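Asker: Following this message is one structure expressed as structure tokens.
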Amino acid sequence: MYNKDNVFYKILRGEIPSKRVYEDDVAVAFYDIEPCCRIHVLVISRGLYTNFADFVAQAPGHEIKSFFTAVAHVADILGVKDSGHRLLMNSGPDAGQEVEHFHVHILGGEPLGKKLK
Ligand code: AMP
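Residue numbering for the sequence shown follows this note's numbering, beginning at 1 and increasing consecutively.
Structure representation (structure tokens):
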């Protein structure tokens with residue numbers, strides 16, 4: 001169940017500032033407030049979905065395609081399309097999901113090492 005009491009909902013509504021790099025009708029991208037590498041941008045859905053599983057289950061196919069097309073476009077804008085980047089989606093407690101509004105992390109700008117550890 002989506003709960004509007006989360007920080008990304010407020011960013012979508014402009015109630016909390018964000019350093020936006022891109023937006024369209026399905027996605028909004030902005031810099032993470034606590035970057036974990038040189039380039040760390042979040043792409044969030046405009047639709048109200050809690051996580052990846054919810055997004056895939058609830059969103060129409062054209063919205064899913066448009067969202068991930070936007071993610072690829074943002075990676076290009078950030079200059080990490082060819083240098084390489086990592087896409088990260090935390091879903092649920094074991095993944096440490098902090099904000100329960102669907103989002104993708106784009107990580108790059110430097111060598112990231114192997115996987116998670
Ligand atoms: P996750 O663990 O995938 O839910 O990650 C949520 C991310 O949101 C974390 O990397 C936070 O640093 C980031 N974050 C939280 N509040 C803000 C904010 N106001 N502006 C930008 N990023 C934020």
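In this text, a Cβ means the ideal position worked out from N, Cα and C, and glycines have one as well. Bear in mind the structure is a predicted one, so any value in this text is a computation, not a measurement.
Counting only runs of 3+ residues fully inside the region 30-69, write out the beta strand (DSSP E) ranges in chain order.
Answerer: Those beta strand (DSSP E) runs which fall completely within the region 30-69 and span 3+ residues are 39-45.
Asker: Is Val71 helix, strand or coil by DSSP?
Answerer: Residue state, collapsed to three classes: helix.
Asker: For Val104 and Leu87, I'd like the C-alpha separation in whole angstroms.
Answerer: Their Cα atoms are separated by approximately 6 Å.
Asker: Check whether the region 61-73 touches the region 4-15, counting contact only when three or more Cβ pairs, one atom from each stretch, lie closer than 8 Å.
Answerer: Contact between the region 61-73 and the region 4-15 is absent, because fewer than three Cβ pairs lie under 8 Å.
Asker: Please look up how many angstroms separate the CB atoms of Cys37 and Leu116, rounded, as I've assumed it's under 8 Å.
Answerer: Going by Cβ atoms, the distance from Cys37 to Leu116 rounds to 13 Å, so no, they are not a contact pair.
Asker: Going straight from the alpha carbon of Gly84 to that of Ile39, what length do you get?
Answerer: The straight-line gap from Cα to Cα measures roughly 11 Å.
Asker: Just checking Val28 against the ligand AMP - is the residue's beta carbon closer than 7 Å to any of the ligand's heavy atoms?
Answerer: Result no, Cβ not under 7 Å from the ligand AMP.
Asker: From which residue to which residue does the beta strand (DSSP E) around Leu87 run?
Answerer: Per DSSP, Leu87 belongs to the beta strand (DSSP E) from His85 to Leu88.
Asker: Evaluate Asp82 with the Cβ neighbour count: other Cβ atoms within 10 Å of its Cβ, from every protein chain shown; 16 or more gives buried, anything less gives exposed.
Answerer: Asp82 should be labelled exposed.
Asker: Kindly indicate the opening and closing residues of the beta strand (DSSP E) around Ile11.
Answerer: Where Ile11 is concerned, there is no enclosing beta strand (DSSP E), although the alpha helix (DSSP H) it sits in stretches over Val7 to Leu12.
Asker: Is Ile16 helix, strand or coil by DSSP?
Answerer: Coil.
Asker: Is Asp94 near the ligand AMP, with its Cβ less than 7 Å from a heavy atom?
Answerer: No, the beta carbon of Asp94 sits no closer than 7 Å to any heavy atom of the ligand AMP.
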